[in-house]
Amino acid sequence: MSEDLELELVVGAPAAGGSCVARADDGRVVFVRHALPGERVRAIVTSSTSKFLRADAVEVLEASPHRVVPPCPYAGPGLCGGCDWQHVAVPHQRELKAALVAEQLQRLAGLDLPVVVEEVPGAPDGLGWRTRVQFAVAPSGQVGLRKHRSHELQPVDRCLIASPEVEAVGVEALRWPGVSGVEVAATGAQRVLALTSRGRPQPPPVEAGLAVDGRPTRAPHGLRHEVLGRSFEVGTGGFWQVHPGAAQALAQAVLDGLDPQPGERALDLYAGVGLFAALLGERVGATGSVLAVESNPHATADAARNTADLPQVKVRTAAVDPAVLTRAGAVDLVVLDPPRAGAGLEVTRVLAGMRPRRLVYVACDPASFARDLKVLLDVGWELEGLRGLDLFPMTEHVELVAVLTPPLF
Ligand SMILES: C[S@@+](CC[C@H](N)C(=O)[O-])C[C@H]1O[C@@H](n2cnc3c(N)ncnc32)[C@H](O)[C@@H]1O
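FYI, in my numbering the residues of the sequence shown are -7 to 401.
Structure representation (structure tokens):
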């Protein structure tokens, strides 16, 4: 079966990667984009292997009641790959995410659990929420966004999921000679650009902080965010969630899940610029302690500044591994917020053996989370609660916050 071949398909459940699963006549699985469960579509095959095909739905023969006209003109077969579900009503996007998480928990952790994905304030209609957007730049200097699974560029004159502050910078209307990528981050009146060079960059005049290939060249060198009454500096290169409501929603969920008490000892793993460490530091107080572990030295420099008023918080620049955990000694509370790969089986096994009073796992990848969760469940840990937060409307991505307690014996 070759690419460009047309198929008529009945579409089934959503799959990881923003597509839905269908079956070709020869029995092979087809991952169909731009479709919805229950639909009958005409689709064009975009790639194939001996085991599965990928296809784009190009005509809807029987539509789902949850289908809408994509608000973005660049969403659709062969166009921008940034959003997966512009053609889906926003409340149903959350139902699809919940179904995906439930399926992965069942398959990878053996857990049958009803999952709910909650709306997070700050993204009306699922649009205007990204406070940081990475644009690619063509050799001509024109800005665009990447097509799905491709290095090809879709020129755009605006991005509907970008926040109004990011769009106000007006990057798309300008030419960027000598540049291969422009990342724009903006919040309130603050804005910073991070350029990747292609030869000698000649950026147009834009009122914003500037870094070129990671080197700060014009202030400001980062953004400042307020969360639960504290201020956080995030320099270029440091991690900060892109949804405007994310940091507060996650921080509150972590505090609710851990319920930190004065005098307790806490670990914040994959700590970024110290969001959870600072808030935990306030709660455990001067008689408690927090150790924040993060591998990016730019982030730990920010974390040290962001927690400078809390001597009970220590920040360590290190990869989270069994040796670091063993050196940390006994702790009452653990929060971990690893990148997409998850904490991994080895780290999770060590955490299980440390038996903190409570552990909160913040996960951006349901599959790696489910694999790590299984390690804990297999040795008797209880999943006390699981929340899904819609921090990435219009895409298949979802954030999970799981609260776990160790076995009593
Ligand atoms: C999802 S972010 C979490 C940041 C922080 N909890 C927050 O909410 O702002 C993951 C962080 O893990 C860091 N990281 C990635 N791999 C790591 C590792 N092996 N050990 C320690 N930190 C790591 C990244 O630099 C990033 O700052």
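Quick reminder that beta carbons are idealized off the backbone N, C-alpha and C, glycines included.
Everything numeric in this text was worked out from a predicted model, so none of it was measured.
Name the two residues that bound the continuous beta strand (DSSP E) containing residue i.
| i | result |
| --- | --- |
| Gln126 | Arg124 to Val129 |
| Val382 | Here residue 382 turns out to be Asp, not Val, going by the sequence shown. Note, Asp382: beta strand (DSSP E), Glu374 to Asp382. |
| Asp294 | Per DSSP, Asp294 belongs to no beta strand (DSSP E); it is in the alpha helix (DSSP H), Pro289 to Asn298. |
| Leu28 | Element bounds for Leu28: n/a, residue is neither H nor E. |
| Val316 | Here Val316 belongs to no beta strand (DSSP E); instead the alpha helix (DSSP H) covers Pro314 to Ala320. |
| Arg183 | Gln182 to Ser189 |
| Glu199 | Premise fails: Glu199 is in no beta strand (DSSP E) and is neither H nor E. |
| Val326 | Leu325 to Leu328 |
| Asp260 | Arg257 to Leu261 |
| Pro331 | Neither: Pro331 is in no beta strand (DSSP E) and is coded neither H nor E. |
| Thr279 | Element bounds for Thr279: n/a, residue is neither H nor E. |
| Phe224 | Arg222 to Gly227 |
| Lys139 | No beta strand (DSSP E) holds Lys139; DSSP gives it neither H nor E. |
| Arg34 | Arg32 to Ser40 |
| Val404 | Nothing about residue 404 can be reported from this structure: the residues present for the chain run from -7 to 401 only. |
Which one of the options has the shortest CA to CA distance from residue i?
| i | options | result |
| --- | --- | --- |
| Arg20 | Gly30, Phe44, Val2 and Val33 | Phe44 |
| Val312 | Gly264, Pro195 and Ala278 | Gly264 |
| Gly133 | Gln98, Ser142 and Val174 | Val174 |
| His26 | Ala115, Gly266, Leu(-1) and Gln78 | Gln78 |
| Pro83 | Gly73, Glu110 and Ala67 | Glu110 |
| His140 | Asp48, Val93, Ser172 and Gly214 | Asp48 |
| His290 | Leu185, Val158, Arg207 and Pro62 | Arg207 |
| Pro131 | Trp121, Pro147 and Asp117 | Pro147 |
| Ser172 | Ala128, Pro106, Leu1 and Glu159 | Ala128 |
| Gly377 | Ala394, Arg363 and Gly266 | Ala394 |
| Pro252 | His235, Glu274, Ala344 and Ala115 | Glu274 |
| Ala154 | Val161, Thr123, Leu325 and Gly162 | Thr123 |
| Arg347 | Arg363, Gly372 and Val276 | Gly372 |
| Lys257 | Gly221, Val282, Pro62 and Ala333 | In the sequence under discussion, the amino acid at residue 257 is Arg, which differs from the Lys named in the question. Here the closest residue by C-alpha is Val282. |
| Pro63 | Gly201, Glu225 and Arg150 | Arg150 |
| Ala344 | Glu199, Ala67 and Leu400 | Leu400 |
| Val234 | Tyr66, Leu383, Glu51 and Ser40 | Leu383 |
| His143 | Cys72, Arg86, Gln96 and Ala115 | Cys72 |
| Arg183 | Gly221, Gly191 and Val226 | Val226 |
| Glu388 | Val316, Arg59, Asn298 and Ala91 | Ala91 |
| Gly221 | Val163, Cys356 and Asn298 | Asn298 |
| Ala278 | Glu51, Gly255 and Val327 | Gly255 |
| Val327 | Met386, Glu338 and Leu247 | Leu247 |
| Pro303 | Ala315, Ser287, Val276 and Asp324 | Val276 |
| Ala115 | Leu152, Leu185 and Val93 | Leu152 |
Check whether the Cβ of residue i lies closer than 7 Å to any heavy atom of ligand 1, and answer yes or no.
| i | result |
| --- | --- |
| Gly10 | no |
| Asn298 | no |
| Trp373 | no |
| Ala244 | According to the sequence displayed, residue 244 carries Gln and not Ala. Gln244: no, Cβ never under 7 Å from ligand 1. |
| Asp370 | no |
| Gln240 | no |
| Phe361 | no |
| Trp232 | yes |
| Pro106 | no |
| Ala355 | no |
| Phe384 | no |
| Pro236 | no |
| Val219 | no |
| Ala263 | yes |
| Ala311 | yes |
| Leu267 | yes |
| Asp294 | no |
| Pro331 | yes |
| Ala291 | yes |
How many whole angstroms separate the CB atoms of residue i and residue j, which I take to be in contact at a CB cut-off of 8 Å?
| i | j | result |
| --- | --- | --- |
| Ala5 | Phe23 | Incorrect: roughly 11 Å between the Cβ atoms, too far for contact. |
| Leu28 | Ser11 | Actually they do not touch by this definition, with Cβ atoms about 11 Å apart. |
| Leu369 | Thr340 | Leu369 to Thr340, Cβ: 11 Å. No contact. |
| Asp205 | Ser223 | With 8 Å as the limit, Asp205 and Ser223 do not qualify as a contact, their Cβ atoms being about 28 Å apart. |
| Arg350 | Thr309 | Not quite, the Cβ-Cβ distance comes to about 26 Å (not below 8 Å), so this is no contact. |
| Gly230 | Asp329 | Incorrect: roughly 14 Å between the Cβ atoms, too far for contact. |
| Ala241 | Val108 | Wrong, their Cβ atoms sit about 14 Å apart, outside the cutoff. |
| Gly380 | Leu365 | Between Leu365 and Gly380 the Cβ distance is about 14 Å, and since that is not below 8 Å, they are no contact. |
| Ala243 | Leu271 | 5 Å |
| Leu88 | Val37 | Contact flag wrong, Cβ pair sits at about 23 Å. |
| Val305 | Ala284 | 6 Å |
Assuming residue i is part of the alpha helix (DSSP H), what are its boundary residues?
| i | result |
| --- | --- |
| Gln244 | Ala238 to Leu250 |
| Leu100 | Val82 to Ala101 |
| Thr340 | Leu337 to Met346 |
| Asp405 | Past the edges of the chain, shown from -7 to 401, lies residue 405, and the structure says nothing about it. |
| Phe44 | Unbroken run through Phe44 is the beta strand (DSSP E), Phe44 to Glu54; no alpha helix (DSSP H). |
| Pro156 | Pro156 to Val161 |
| Phe268 | Leu267 to Val276 |
Is residue i a contact residue of ligand 2, with contact defined as CB to any heavy atom under 7 Å?
| i | result |
| --- | --- |
| Ser287 | Here the bound small molecules are ligand 1; ligand 2 is not part of this structure. |
Quick one: any contact between the stretch 192 to 211 and the stretch 164 to 171, if contact means 3 or more CB pairs under 8 Å?
Segments in contact, yes.
Can you find at least 3 beta carbon pairs, one from the stretch 100 to 115 and one from the stretch 25 to 41, that sit closer than 8 Å?
Not touching, per the Cβ criterion.
Cβ pair count under 8 Å reaching 3, the stretch 209 to 221 against the stretch 176 to 185:
yes
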